[in-house]
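Student: Read in order, the letters of the sequence shown correspond to residues 162 to 480 in the numbering used here.
Just so you know, even glycine gets a beta-carbon here, dropped at the ideal spot from N, CA and C.
Let me begin by handing over the structure; questions about it come next.
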Amino acid sequence: MLSRVAQNLYWLARYVERAEDTARLIGVTSNLLLDLPRTAGAAEWEPLIYITGSHEGFREHFTRPDEVSIVSFLTGDLRNSGSILSSLTYARESLRTTRDVMPREAWEELNRIYLFVRDHISDGVSPRGRDYFLKQVVSGCQRFNGYLEGCMSYTPARDFVLLGRYLERADMTTRILDVRSGNLLTQSGDLSPYASIQWMSVLRSLSGYQMYRQAVRSRVRGPDVLAFLLQDTRFPRTVRHCLDRIADCLRELPQPETALAQIARACAKTESADVEALVTTGLHEFIDELQVELGEVHNAINAAYFTYHEKETPPAAAA
162 MLSRVAQNLY
172 WLARYVERAE
182 DTARLIGVTS
192 NLLLDLPRTA
202 GAAEWEPLIY
212 ITGSHEGFRE
222 HFTRPDEVSI
232 VSFLTGDLRN
242 SGSILSSLTY
252 ARESLRTTRD
262 VMPREAWEEL
272 NRIYLFVRDH
282 ISDGVSPRGR
292 DYFLKQVVSG
302 CQRFNGYLEG
312 CMSYTPARDF
322 VLLGRYLERA
332 DMTTRILDVR
342 SGNLLTQSGD
352 LSPYASIQWM
362 SVLRSLSGYQ
372 MYRQAVRSRV
382 RGPDVLAFLL
392 QDTRFPRTVR
402 HCLDRIADCL
412 RELPQPETAL
422 AQIARACAKT
432 ESADVEALVT
442 TGLHEFIDEL
452 QVELGEVHNA
462 INAAYFTYHE
472 KETPPAAAA
C-alpha cells in the first residue's frame, strides 16, 4: 500500500472520530446543565474549548466564552480546524483519495452526514434543534464505522483506519479526564453537591456510564471513574483498551517494533497509575505525561509508515 493512501486512511478515521466525540461532548454538556444551578453555565461550557484544544483559536475570534459562541465555534466554524464541520470536511477529502479501498456504503454515509451538517448548522447552535442535530452526527459517524466493520476486508487498509480511530479516541479520553476531572477534584462551593452528577457526565461524554455501572457496581466515585477510563481493558473508549487495539493493528503491519515499544511504555504508565493518589494530587501532570506518550505513538507510526510521502494535513487538536 502507498504511504500516501495509508496516511489518508489514518487521518480519515481520526477526523470521523473527532467529529463524533465533539458532538457527544456538546450534547452531554447541554444535558448536564439541566441538572445544575443556572449560574453554572459559563463554568461548564468553557472547558469544552480546552478539551478540544480550540481555546487559542477561540480567543482570536470571540471575546466571551458563552454558550452560543462556544457551540457555534465547535459545530460549524470552519476557522476552527477541530469543529464538527471542519472534521467532516477533512474526512470527506481524505476519503475521496481512498475510495478504491473503502466500501461504497461507507462513502455514501460519510457524504450524507457531511451534507446534513453543512445544511443544518443553525440547528446545532440553537438549543431547540441541538439534540437532534448532535444525535444525527453521532449516529452517522457510528454508521460509517459500522460499514467499515461489516464490509471492509482484513487488510492493511483496515489496520490504518483502526490505528487512527483508536489513537484519536485515546487522546480524547485523556483530554476529558484532564479538564473535566481536574475541575471536579478542585471544586468547592455551590457545585460541590453536584459532583456525582458531574462525574456521571464525564462517563457519558464517552458513552461509558452504563458499562461503568456494570463493571464497578457501586455509586459513581471520582477514583473509580478514573480507574475505569484509564485501566479497564474491556470498554472500547478507555485508554488501555485503545492502546491494546493499536498494538493489535501494528502487529499486522511490517516493521512495527518502534511503535510497539512506545505502546508498551504508554501501557505501563497507564497500568501503574495510583488512581487514589492522583485524586489527591498530580492528575494533571500524569495526564500531560500520558498525552506525550500518545504523541510519541503517533510520531512512531508516522515515521514507520508515512514519512516518505508527507502531505500537509490539518493539525490534530493541540495539547
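Excluding sequence positions up to five away, which residues of its chain have a Cβ less than 6 Å from the Cβ of E413?
Tutor: Here residue 413 is taken as the residue at index 252 of the sequence shown, counted from 1. Counting only Cβ-Cβ distances below 6 Å, and skipping sequence neighbours, we find D320.
Student: So what does DSSP say about E181, is it helix, strand or coil?
Tutor: Residue numbering aside, residue 181 sits at position 20 when the sequence shown is read from its first letter. If DSSP states are grouped into helix, strand and coil, E181 belongs with the helices.
Student: For S349, which residues in the same chain have their Cβ closer than 8 Å to its Cβ, ignoring the five residues on either side in sequence?
Tutor: Locating residue 349 in the sequence shown gives position 188, counting from the first residue. Note on S349: pLDDT 49, under 50, position unreliable in the model; the coordinate value appears next. For S349, where only same-chain residues beyond five positions count, there are no Cβ hits under 8 Å.
Student: Let me check understanding here. Comparing Cα to Cα, which of I231, V229, L246, S230 lies closest to G237?
Tutor: Walking along the sequence shown from the start, residue 237 turns up at place 76. Cα-wise, what sits closest to G237 is L246.
Student: Specify the secondary structure class of G443 as computed by DSSP and reduced to three states.
Tutor: The sequence position of residue 443 within the sequence shown is 282, counting from 1. Residue state, collapsed to three classes: coil.
Student: Can you check the segment 212-266 for any alpha helix (DSSP H) of at least 4 residues that lies completely inside it and give the ranges in chain order?
Tutor: 216-222, 228-236, 245-257
Student: Thinking C-beta only, is V386 closer than 8 Å to L364?
Tutor: The residue you call residue 364 lines up with position 203 of the sequence shown. The residue you call residue 386 lines up with position 225 of the sequence shown. Yes, Cβ-Cβ distance for L364 and V386 is below 8 Å.
Student: Would the beta-carbon of L451 fall within 8 Å of that of A427?
Tutor: On the sequence shown, residue 451 is found 290 positions in, with the first residue counted as 1. On the sequence shown, residue 427 is found 266 positions in, with the first residue counted as 1. Contact flag set, yes.
Student: Contact between the segment 214-222 and the segment 273-283: three or more CB pairs below 8 Å?
Tutor: No, the segment 214-222 is not in contact with the segment 273-283.
Student: Between L390 and L367, how many whole angstroms is the CB-CB distance? I'm expecting something under 8 Å.
Tutor: As a position in the sequence shown, residue 390 is number 229, starting the count at 1. As a position in the sequence shown, residue 367 is number 206, starting the count at 1. Right, the Cβ-Cβ distance comes to about 7 Å (below 8 Å), so this counts as a contact.
Student: Using the Cβ count rule (16 or more neighbours within 10 Å means buried), how would you classify R257?
Tutor: The residue given as residue 257 occupies position 96 in the sequence shown. With fewer than 16 other Cβ atoms within 10 Å, it is exposed.
Student: Measure the C-alpha to C-alpha separation of E207 and E432 and round it to an integer number of angstroms.
Tutor: Sequence index remark: in the sequence shown, residue 207 carries index 46 (1-based). Sequence index remark: in the sequence shown, residue 432 carries index 271 (1-based). C-alpha separation (whole angstroms): 31 Å.
Student: Could you give the DSSP three-state label for F389: helix, strand or coil?
Tutor: Position 228 of the sequence shown, counted from the start, is the residue given in the question as residue 389. The answer is helix: DSSP assigns F389 an H, G or I state.
Student: Which term fits P417, buried or exposed, when burial requires 16 or more other beta carbons within 10 angstroms of its beta carbon?
Tutor: Taking the first residue of the sequence shown as position 1, residue 417 is located at position 256. Counting Cβ neighbours within 10 Å, P417 comes out buried, since at least 16 surround it.
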